[in-house]
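Protein chains in written order, with the numbering used here: chain A, -9 to 553; chain B, 327 to 722.
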């Protein structure tokens, strides 16, 4: 049954891939191309800069994913569990709701040579008079893109890790390891990380796939001559010479192949890492964790905090700016853009809200049904392969969007299904569903079934038990799951654009089209509106949980259920 | 009673064919239709102007206009193409699209356009087709009535007069400026069209055989014709913003860099852009506009109707309104948008001319005689060849 539900949500991916592969091999009847050939691949590889674009894609995409994972591990070794970590934990959800593009724009303005940091310095010291010609953003090596991607994905991996950690008995393992004389780093690397990584593997691969194929961020923070492969493919898809769409389709397919190749390689490297780890365990060396580690972790945390905080403040300042010339530290303030906003944002806001809420609620119901089904199967002792289900569920996150949306669009038009609002919700669900499952499955599976038995004994009603006891105790993760699903829907750009030929204008599509203009102030106002909506979602979730548990002291503590 | 509307419809059709001309039919059909106008949505002044247009066509003709804000016109072409691929030859998503140049050439070549229709539009008679040949030839592609002229464009440079007394008057001068002020100039990377235009402008100024550019590229000795261009760019790039290691993605990003003081010279396709950006507070009051002595590339931008639109009557009504003296004069106001008109002022009556006479000339706008000669766009086949050659050299 869950497989069937999944299949419905995987149709867009499958159909879309096929619709991209046909033109990649020369089949494009609308342009009079009706012959299967590998010419599009020749054209693709002959396109200037393609090989370098692949290199840049690998460096920025894979590099940032590995760095994000390392950062996640580093923070865990240095700070978990601690009061500091609990504070980080609480900030994670809102950080995750920050749209990628808004973060990159904000960060770009923070660190550019004419950006806020240099402005602050220049207005204090009088030097430089004009922005220096430094290459701090959009460098040709893709380093700024790597940096932005790392900062954007590390919180996601941390968020996923935190969902799994309670099951690993970290505190106890650390005690045990310490009593044997091992340092924190070695305990984490040899005892805690292996089981944690096996749960993080899929989210990590999703990050790898995302970073390899991201378009909007790479346009803002990536190199330009040549750009990354995804941007190059996007350019081919939009080229005025329509025949470039065939090599474009080949490029999108190449990006998919590259992603698969990278993931397979990563998977096959795991035994090596395991061998190395076993050796480390057998060596029995006990070394105290150096202060270095904590310092580096603190530094990473500081940089991340500065980047997130700074990017947000910069956006707020720009949205309130009248004029803001270099080297002024602060703009001349004007409320113009917020005063205009309500009438301009109205319909986009409504569409974003209705679509996001519908997708989040549908995903929640489906995921709860699937998880309840899992419980039922467990009691019936049916062999149930959750791992395979997970892979299926993750598929839309592992396949580059650009590799299937082009084909999906054609299929929708062909079936006369585009422009329907429910198709928009459906296409968002493809992405909302996996994240909903990821967020909820941990706490839901960790629920102690003895409460259910007790409830059944007392009430005799399965439904009342579920509603009154299980749902009642899982209010917090459910609230956050809804907010997460909503945030994922709000952030969808390409799917929204491709369904209905741009007629669905959400806050995100409006923000992206304004970001293509010259006016930073309007772009900032829209980016903030786009970012504010998910934030309000998370705040409402927290409020609702607080209200629901106002008379349940034991449940008021954050994470009381999962510890 | 049920038959009454039918009889009425029949009668009105009969009357329509008997007494009124085609345009009245179109007006009647248009009433109540909704036009999805896909147009670049990156500029708030332009978006505001289109809101005004929507309000006016609703009042005047009962047409509902929806501005679909797109980030790139190529995506709109893709949309129409996808619909053709899927066999949707009616009821397409796009009813009207803001377009010119290569995108138009591609849509025309692939039969993706409705029309010819411009001869139906009463206001088309007011267009200055005689003195503005680019209203008939879009990047040398014959328009053939498939797109309605909307506005005029000419490549101009924008500079900050607070940092630069005398702006360059030629590409050679520009190189001297870059030598004296390293890092203060850049241009968008082709195939972004502002970048390609800059390359074409440089080629027109620098090549010894400009005539070759008006023939198909296959007929020319590409390497010889373009050699001076590459020599110039090879010298210019290390002196540019970020030493030419990274480029901007279009004129909007260039204006941001100019506003930030990162560069001192930017470019635009709208001669009134600088004035408009001063009016909106994006650029400092000290920016001014200049052109090179040799003149600069000019063209026209248009609106076209895709072949599978089912709202063609209303789309034509909107296209006609966009060419009206009222809409054109408002568009030309630098406080609104500042996009130059396609109309011939001597074809207008006194009232209509008055609308244009009353327009203030923007502080940073060049007088017509200062704007210099308009250079024709090279043959369309040069665009792809130049872009590929540029990418081969500087983006691999």
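From the three backbone atoms N, C-alpha and C, an ideal C-beta is built for every residue, glycine too.
Could one say the Cβ of residue 470 of chain A lies closer than 8 Å to chain B's Cβ atoms, at least one of them? Against the first chain, residue 470 of chain A aligns to sequence position 480. Not an interface residue.
Could you check if residue 424 of chain A is buried or exposed, using at least 16 other CB atoms within 10 Å of its CB as the buried criterion? Stepping through the first chain from its first residue, residue 424 of chain A is reached at position 434. Residue 424 of chain A is classed as buried because its beta carbon has at least 16 other beta carbons within 10 Å across all chains shown.
Which two residues bound the contiguous beta strand (DSSP E) that contains residue 352 of chain B? Position 26 of the second chain, counting from 1, holds the residue named residue 352 of chain B. Where residue 352 of chain B is concerned, there is no enclosing beta strand (DSSP E), although the alpha helix (DSSP H) it sits in stretches over 348 to 356.
Looking at the C-beta of residue 512 of chain A, does it have a partner C-beta in chain B at a distance below 8 Å? As a working note, residue 512 of chain A is residue 522 in the first chain. Yes, residue 512 of chain A counts as interfacial toward chain B.
Could you list the residues in the segment 542 to 573 of chain B with a C-beta less than 8 Å from some C-beta on chain A, going in chain order? 567, 568, 569, 571, 572 and 573
Spatially closest choice to residue 113 of chain A from A:230, A:299, A:159 and A:314, by CA coordinates: Translated into positions along the first chain, residue 113 of chain A becomes position 123. Closest option to residue 113 of chain A, Cα to Cα, is A:314.
Out of A:305, A:534 and A:321, point me to the one whose CA is closest to residue 89 of chain A's CA. As a first step, residue 89 of chain A is located in the first chain; it is residue number 99 there, counting from the start. When only C-alpha atoms are compared, the closest one is A:305.
Are residue 93 of chain A and residue 42 of chain A closer than 8 Å when you measure CB to CB? For the purposes of this step, residue 93 of chain A is taken as the residue at position 103 of the first chain. For the purposes of this step, residue 42 of chain A is taken as the residue at position 52 of the first chain. Contact: no.
Near-chain B residues of the segment 81 to 104 of chain A - C-beta to any C-beta below 8 Å: Only those residues of the segment 81 to 104 of chain A whose C-beta falls short of 8 Å from the nearest C-beta of chain B are listed: 102, 103 and 104.
Can you pull the chain B residues whose beta carbon is under 8 Å from the beta carbon of residue 502 of chain A, in chain order? Counting from one through the first chain, the residue named residue 502 of chain A turns up at place 512. Under the 8 Å cutoff, chain B gives 397.
Nearest to residue 84 of chain A (by Cα), restricted to the options A:8, A:474 and A:18: Stepping through the first chain from its first residue, residue 84 of chain A is reached at position 94. Nearest option by C-alpha distance: A:474.
With residue 684 of chain B and residue 428 of chain B assumed to form a contact (beta carbons below 8 Å), what rounded beta-carbon distance in angstroms separates them? Residue mapping note: residue 684 of chain B aligns to position 358 of the second chain, counting from 1. Residue mapping note: residue 428 of chain B aligns to position 102 of the second chain, counting from 1. The beta-carbon distance between residue 684 of chain B and residue 428 of chain B, rounded to whole angstroms, is 37 Å. This is too long to meet the 8 Å contact definition.
Determine, for residue 24 of chain A, whether the minimum Cβ-Cβ distance to residues of chain B falls below 8 Å. Indexing the first chain from 1 puts residue 24 of chain A at position 34. False, the Cβ-Cβ gap to chain B never drops below 8 Å.
Residue 553 of chain A to residue 156 of chain A, Cα distance in whole Å? Within the first chain, the letter at position 563 stands for residue 553 of chain A. Within the first chain, the letter at position 166 stands for residue 156 of chain A. Interpretation of residue 553 of chain A is limited by its pLDDT of 34, a score under 50 that renders its predicted location unreliable; the figure taken from the coordinates is listed afterwards. Rounded to whole angstroms, residue 553 of chain A to residue 156 of chain A spans 6 Å at the Cα level.
Cutting at 8 Å between CB atoms, please list the residues of its own chain near residue 453 of chain B, excluding the five before and the five after it. Counted from its first residue, the second chain places residue 453 of chain B at position 127. Around residue 453 of chain B: 461, 475, 649, 668, 669 and 670.
Within its chain, find whatever has a CB closer than 8 Å to the CB of residue 660 of chain B; leave out the 5 residues flanking it on each side and keep chain order. One-based indexing of the second chain puts residue 660 of chain B at position 334. Cβ neighbours of residue 660 of chain B beyond the five flanking positions: 598, 601, 602, 605, 685, 686, 687, 688 and 691.
Does the beta-carbon of residue 201 of chain A have 16 or more other beta-carbons within 10 angstroms, so that it is buried, or is it exposed? Indexing the first chain from 1 puts residue 201 of chain A at position 211. It is buried - the Cβ of residue 201 of chain A has at least 16 other Cβ atoms within 10 Å.
Any residues in the segment 348 to 362 of chain B with a beta carbon nearer than 8 Å to a beta carbon of chain A? Which ones, in chain order? 362
In whole angstroms, what separates the C-alpha of residue 433 of chain B from that of residue 516 of chain B? Taking the second chain and counting its residues from 1, the one referred to as residue 433 of chain B is at position 107. Taking the second chain and counting its residues from 1, the one referred to as residue 516 of chain B is at position 190. So the alpha carbons of these two residues sit roughly 21 Å apart.
Return yes when the Cβ of residue 140 of chain A is within less than 8 Å of the Cβ of residue 54 of chain A, no when it is not. On the first chain, position 64 is the one that residue 54 of chain A refers to. On the first chain, position 150 is the one that residue 140 of chain A refers to. Cβ distance < 8 Å, so residue 54 of chain A and residue 140 of chain A count as in contact.
Enumerated in chain order, which unbroken segments of the alpha helix (DSSP H) with a length of 4 residues or greater are wholly contained in the segment 566 to 638 of chain B? Look at the segment 566 to 638 of chain B and you find these whole runs of alpha helix (DSSP H), each 4 residues long or longer: 577 to 586 and 599 to 605.
Would you tell me roughly how many angstroms separate the C-alpha atoms of residue 281 of chain A and residue 198 of chain A, rounded to the nearest one? Counted from its first residue, the first chain places residue 281 of chain A at position 291. Counted from its first residue, the first chain places residue 198 of chain A at position 208. Spanning the two alpha carbons is a distance of roughly 31 Å.
Is residue 477 of chain B helix, strand or coil when you go by DSSP? For the purposes of this step, residue 477 of chain B is taken as residue 151 along the second chain, with counting starting at 1. Strand.
Taking only beta-carbon positions, decide if residue 400 of chain A is within less than 8 Å of chain B. The sequence position of residue 400 of chain A within the first chain is 410, counting from 1. Residue contact with chain B for residue 400 of chain A: present (Cβ-Cβ distance below 8 Å to some residue of chain B).
Beta carbon proximity, residue 636 of chain B to chain A, threshold 8 Å: Here residue 636 of chain B refers to the residue found at position 310 when the second chain is read from its first residue. No, residue 636 of chain B lies away from the interface with chain A (no Cβ there is under 8 Å from its Cβ).
Selection from A:149, A:38, A:295 and A:31 that minimises the alpha carbon distance to residue 138 of chain A: Start at 1 with the first residue of the first chain, and residue 138 of chain A comes out as number 148. Closest option to residue 138 of chain A, judged by alpha-carbon separation, among A:149, A:38, A:295 and A:31: A:295.
Taking 6 Å as the limit between beta carbons, can you name the residues of its chain near residue 513 of chain B, skipping five residues before and five after? Your numbering for residue 513 of chain B matches position 187 in the second chain. A distance below 6 Å between beta-carbons, with the five flanking residues on each side excluded, links residue 513 of chain B to the following residues of its chain, in chain order: 521 and 524.
Alpha carbon to alpha carbon, how far is residue 550 of chain B from residue 293 of chain A? Residue 550 of chain B sits at position 224 when you count from the first residue of the second chain. Residue 293 of chain A sits at position 303 when you count from the first residue of the first chain. If I take the Cα positions, the gap works out to 52 Å.
I'd like to know whether the C-beta of residue 2 of chain A is nearer than 8 Å to at least one C-beta of chain B. Along the first chain, one-based indexing puts residue 2 of chain A at 12. Cβ-Cβ to chain B under 8 Å: no for residue 2 of chain A.
Could you tell me whether the segment 535 to 545 of chain A touches the segment 611 to 628 of chain B, using the rule of 3 or more Cβ pairs below 8 Å? no
Contact set between residue 316 of chain A and chain B, taken where Cβ atoms lie within less than 9 Å: Sequence index remark: in the first chain, residue 316 of chain A carries index 326 (1-based). Those are 585, 586, 587 and 588, listed as they occur along chain B.
So, does the segment 456 to 466 of chain A touch the segment 317 to 324 of chain A, judging by three or more C-beta pairs under 8 Å? no
Apart from the five residues on each side of it in sequence, which residues of its chain come closer than 7 Å, Cβ to Cβ, to residue 145 of chain A? Start at 1 with the first residue of the first chain, and residue 145 of chain A comes out as number 155. Correct list, in chain order: 82, 85 and 86.
Beta-carbon of residue 506 of chain A versus every beta-carbon of chain B: anything under 8 Å? If you number the first chain from 1, residue 506 of chain A lands on position 516. Yes - at least one Cβ of chain B is within 8 Å of the one on residue 506 of chain A.
Please list, in chain order, all residues of the same chain as residue 23 of chain A whose beta carbon is under 6 Å from its beta carbon, the five residues on each side excluded. On the first chain, residue 23 of chain A is found 33 positions in, with the first residue counted as 1. If we look at residue 23 of chain A and ignore the five residues flanking it on each side, its Cβ neighbours are 16.
Uninterrupted alpha helix (DSSP H) stretches inside the segment 364 to 437 of chain B (no shorter than 4 residues): 370 to 387, 399 to 411 and 427 to 435
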